[in-house]
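Peer 1: To convert, note that position 44 of the sequence shown is 44 in UniProt numbering; the numbers rise steadily by one, no gaps.
All C-beta atoms, glycine included, are put in the ideal place defined by N, C-alpha and C.
Since this is a predicted model, take the numbers as computed values, not measurements.
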Amino acid sequence: SCDASQLCNCSSMGLDFVPLGLTAKITVLNLAHNRIKHIRSQDLQQAVNLRALLLQSNKISSIDEDSFWSLAKLELLDLSNNSLAHLSPVWFGHLFSLQHLHLQGNSYRDLGESSPFSSLRNLSSLHLGNPRFSVIRQGNFEGIELLHKLWIDGSNLSQYEQGSLKSIKKINHMVINLRNSNIFSEIVRDILHSVAWLEVTEIKLPVERNSLVQNSTRPFRLQKLIFKEAFFTDETISRAILLLKEITSLKELEAINCRLAGRGEWNTKEIASSGPSFVETVTIINAIIQNFHLFFDLDGMESQINNLKGLTIASSNVFMVSCKLARHFSSLLYLDFHDNLLANKRLDETICEGSWPSLQTLNLSQNSLKSLEQTANCTSRLPKLNNLDISQNNFGEIPDECTWPKNLKFLNLSSTQISKVTKCIPDTLEVLDVSANSLKEFRLELPRLRELYLTKNQLKALPGATPIPNLVALSVRRNKLNSFSKEEFESFKRMELLDASDNNFICSCEFLSFIHHEARMAQVLAGWPDGYMCDSPLAVRGARVGAVHLSPMECHRSLVVSLICVLVFLVILLLVAVGYKYHVVWYVRMTWAWLQAKRKPKRAPPKDVCYDAFVSYSENDSDWVENTMVRELEQACPPFRLCLHKRDFVPGKWIVDNIIDSIEKSRKTLFVLSEHFVQSEWCKYELDFSHFRLFDENNDAAILVLLEPIQSNAIPKRFCKLRKIMNTKTYLEWPAGEEQQQVFWENLKGALKS
């Protein structure tokens with residue numbers, strides 16, 4: 001149960017005794033909330049370096065006298081909420097370092113005949129008492145000189161021997177739960193010289209006739225007196241005011257959750273004649289006054305409030321202060337009326353002309369104010385006001401112009417249901433809080449503004465820096481902000497604190513780059529890094545902004561796309577070059593032509609044959625074809641019908657269809673071969689679109705006429721079948737002599753007729 005720092009937590013483990021084997025290494029031992037009944041001598045004997053021992057909420061009823069003797073370094077001992085019926089001075093005799101001792105919540109009725117704490121010279125805080133605790137005797141606190149805090153549960157204390165607490169020279173803070181009102185005065189007399197801050201709970205204040213300073217040691221040290229859950233009447237308050245005036249050191253007076261059975265019928269004449277009050281600050285929180293609407297206006301108390309510097313009356317159903325009384329708060333600097341029933345009509349009476357002349361800070365938050373314009377006009381009567389809190393009032397509308405105090409520097413308009421800001425906001429402000437409203441933008445010009453709070457609004461961007469050049473702190477928490485740029489951030493030249501946490505950030509590359517590379521970001525951003533989460537992209541949703549790093553592909557998408565396009569273009573260019581070099585286009589076109597031809601019947605019906613031969617030749621050989629061969633064949637007897645592309649192709653028809661149709665409508669195909677033929681693009685296309693049809697049928701439909709000698713290796717490789725035919729079949733060769741030419745024509749005509 002021990003961690004690295006030797007803090008051993010054995011609480012709530014159902015233990016019936018202190019665990020065995022405790023060593024000198026242990027510094028903190030928590031045995032709270034178990035069932036331990038007895039502390040034995042040997043239980044803690046080895047834990048000599050123990051500094052904190054927590055034994056609260058067990059069932060301890062007995063402790064051996066020497067159980068704690070080895071704990072000379074112990075600083076905290078908690079024995080609260082056990083069953084100790086008595087306290088023995090021997091227990092604490094060797095606890096020379098003890099600073100904090102908790103003994104409350106046991107069953108002892110007194111502290112014994114002498115002091116159990118006489119050896120605790122370093123004791124700083126002491127908690128004691130319980131519902132059965134009934135007696136405090138003289139000498140019970142002997143040996144204690146200085147205490148930071150003394151807490152006593154004396155709810156059933158019935159006997160207090162005068163002078164019992166007088167031996168303590170200095171107590172910074174004393175809390176006592178006391179119901180016996182007669183003992184209260186005796187205790188106060190004994191502690192006026194030692195206690196600086198006294199807190200009394202559950203007391204029913206008595207009508208004390210004797211002076212509270214009688215037999216008290218001077219000078220008085222009591223500066224602050226707090227009553228919690230106390231009960232007062234008009235008579236006890238009147239008397240208390242008189243008696244507390246005698247405590248000249250008392251500066252602060254508080255009443256929290258107290259009840260008053262009365263209507264303010266105080267003995268104002270006697271109070272006024274007793275002289276001014278030395279109290280400077282009065283705080284009343286959640287005062288319960290039956291029939292509060294019948295409460296008097298405290299007429300006659302004017303002399304008691306002239307020196308008051310701070311007044312807080314909160315959660316107490318205050319709906320008005322009379323103008324007459326308000327004008328006598330001549331020294332008041334701070335006034336807090338939050339969580340009351342002040343409305344605009346009553347505010348006009350409460351802040352009348354000449355009232356609260358020195359007031360600098362006013363809190364009217366959480367009241368029933370409805371008109372911002374009227375509220376501003378009322379506060380403009382306070383010439384020295386510089387701090388105003390009117391938050392949590394339902395203003396809703398905000399006018400275009402307002403009249404405010406000339407020196408107003410701090411204004412809180414949070415949670416007032418305003419949807420925009422106008423020039424009604426004074427330009428003298430240094431601090432403005434408009435959090436928890438419905439603002440979608442902030443464009444107000446406030447040249448002196450240093451702090452701006454825009455939490456819980458609907459802003460989608462940071463406010464512009466130009467109208468608020470001196471801004472030092474800005475809060476835009478819980479808005480609709482999804483990013484901010486480097487330019488926006490750097491436009492606030494004096495920015496020292498920016499709270500943009502709890503927004504849904506779009507973690508774009510630009511935003512992340514700015515966040516990661518801005519040197520002072522961690523020092524300026526409040527809540528960094530835990531309060532800054534990515535909402536998108538989806539892959540990083542819920543991740544901290546500072547921990548997200550996007551890939552180059554995600555960050556430079558346009559550049560990557562451009563590079564891909566360039567690469568694709570280069571690949572296409574390369575493919576075109578390769579295709580051109582290796583005649584890929586030719587093979588593609590040949591395949592297409594072959595597919596076109598395959599879809600048609602092998603031969604056209606006899607009735608569709610129109611020509612004896614389709615002539616394929618180079619344009620360079622057109623003179624011989626058209627003037628020699630055509631004349632010889634078409635003028636023969638009987639004449640041959642030849643198909644020439646120049647003469648017989650259908651105009652406007654696709655060249656592929658013209659070639660295929662002409663071949664199909666001709667009995668023979670006559671190729672006039674020459675060097676020009678094998679290099680001619682036109683002849684190449686004709687041969688491309690026909691040789692599949694012709695050569696795949698294994699017949700003599702093709703007639704080759706060699707117009708001039710051609711070497712077979714000069715024929716392009718893509719004319720592989722033409723080369724094969726020239727190597728395996730007979731072809732007609734045009735002779736140079738006239739006699740041989742006659743034989744040539746006879747052979748050609750014979751081939752056409754076959």
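What's the gap between the Cα of R494 and the Cα of N307?
Peer 2: 41 Å
Peer 1: Would you mind reading off the limits of the beta strand (DSSP E) that contains K228?
Peer 2: Counted as a single uninterrupted DSSP element, the beta strand (DSSP E) harbouring K228 occupies residues K224 to K228.
Peer 1: Comparing alpha-carbon positions, which option in H338, L325, L333 and F319 lies nearest R346?
Peer 2: F319
Peer 1: Could you tell me the boundaries of the beta strand (DSSP E) in which S125 lies?
Peer 2: S125 to G129
Peer 1: If you draw a straight line from the alpha carbon of G750 to that of A701, how long is it in whole angstroms?
Peer 2: 13 Å
Peer 1: Please determine, among S485, S483, L474 and H517, the residue with the shortest C-alpha to C-alpha distance to L497.
Peer 2: L474
Peer 1: What did DSSP end up calling F117 once you bin it into helix, strand or coil?
Peer 2: coil
Peer 1: Determine the DSSP secondary structure at Y580, reduced to helix, strand or coil.
Peer 2: helix
Peer 1: Beta-carbon separation of L452 and P426 under 8 Å?
Peer 2: no
Peer 1: Thinking C-alpha only, which one of V279, Q366 and D339 is nearest R287?
Peer 2: The residue you asked about is not Arg; residue 287 is Ala in the sequence shown. The option with the nearest alpha carbon to A287 is D339.
Peer 1: Using a Cβ-Cβ cutoff of less than 7 Å, which residues in the same chain neighbour S274 once the five nearest sequence positions on both sides are dropped?
Peer 2: L242 and K245
Peer 1: Compute the distance between the beta-carbons of E145 and S118, then report whether it is under 8 Å.
Peer 2: no
Peer 1: Would DSSP call F744 helix, strand or coil?
Peer 2: In the three-state reduction of the DSSP assignment, F744 falls in the helix class.
Peer 1: Between K406 and A500, what straight-line distance do the alpha-carbon atoms span, to the nearest angstrom?
Peer 2: 32 Å
Peer 1: Report yes if the CB atom of W404 is closer than 8 Å to the CB atom of S371, and no otherwise.
Peer 2: no
Peer 1: Helix, strand or coil for V434, going by three-state DSSP, please let me know.
Peer 2: coil
Peer 1: Which residue's Cα is closest to the Cα of C352: T281, N377 and S662?
Peer 2: N377
Peer 1: Hey, would you say E202 sits closer than 8 Å to A230, going by beta carbons?
Peer 2: yes
Peer 1: If you measure between the beta carbons of L76 and H100, is that distance less than 8 Å?
Peer 2: Yes; because the gap between Cβ atoms is below 8 Å, this pair is in contact.
Peer 1: Taking the Cβ atom as the reference point for each residue, do L413 and L385 lie within a distance shorter than 8 Å?
Peer 2: no
Peer 1: Enumerate in chain order the residues of its own chain whose CB-to-CB distance from G264 is below 8 Å, with the five nearest sequence positions on each side excluded.
Peer 2: D234, F295, F296, D297 and L298
Peer 1: Go to A85, then tell me how far its beta strand (DSSP E) extends in each direction, as first and last residue.
Peer 2: DSSP places A85 in no beta strand (DSSP E); its state is neither H nor E.
Peer 1: Let me confirm a value: D16 is counted as buried when at least 16 other C-beta atoms fall within 10 Å, else exposed. Which label applies?
Peer 2: By the 10 Å Cβ count, D16 comes out exposed.
Peer 1: Can the beta-carbon of A613 be found closer than 8 Å to that of L644?
Peer 2: No.
Peer 1: Measuring straight from C-alpha to C-alpha, what distance separates V18 and Q45?
Peer 2: 11 Å
Peer 1: Taking the C-alpha atoms as reference points, what is the distance between F220 and L192?
Peer 2: 5 Å
Peer 1: Once the 5 residues before and after I39 are set aside, which same chain residues still bring their CB inside 7 Å of it?
Peer 2: Close CB contacts of I39 within its chain, under the 7 Å cut and outside five residues either way in sequence, are with V18, I60, I63, D64 and S67 (chain order).
Peer 1: Could you check where the alpha helix (DSSP H) with K646 kicks off and where it finishes?
Peer 2: H645 to D648
Peer 1: Would you report the Cα separation of F505 and L364, rounded to the nearest angstrom?
Peer 2: 36 Å
Peer 1: Can you say whether H127 is buried or exposed, counting buried as having 16 or more other CB atoms within 10 angstroms of its CB?
Peer 2: Residue environment analysis places H127 among the buried positions, since at least 16 neighbouring C-beta atoms fall within 10 angstroms of its C-beta.
Peer 1: Whole-angstrom Cβ separation of S107 and R132, contact assumed at under 8 Å?
Peer 2: Contact between S107 and R132 holds: CB atoms are separated by about 6 Å, below the 8 Å threshold.
Peer 1: So, using beta-carbon positions, are residue 755 and V472 closer together than 8 Å?
Peer 2: Residue numbering for the chain in the displayed model covers 1 to 754; residue 755 lies beyond these limits and cannot be assessed.
Peer 1: Which residues share a DSSP beta bridge with M495?
Peer 2: Under DSSP, no beta-bridge partner is assigned to M495.
Peer 1: Would you decide whether K668 is buried or exposed? Buried here means 16 or more other CB atoms lie within 10 Å of its CB.
Peer 2: buried
Peer 1: Evaluate G654 with the Cβ neighbour count: other Cβ atoms within 10 Å of its Cβ, from every protein chain shown; 16 or more gives buried, anything less gives exposed.
Peer 2: Just to set this straight, residue 654 is Trp in the shown sequence, not Gly. When all chains shown are included, W654 counts as exposed.
Peer 1: What is the DSSP secondary structure of I191, reduced to helix, strand or coil?
Peer 2: helix
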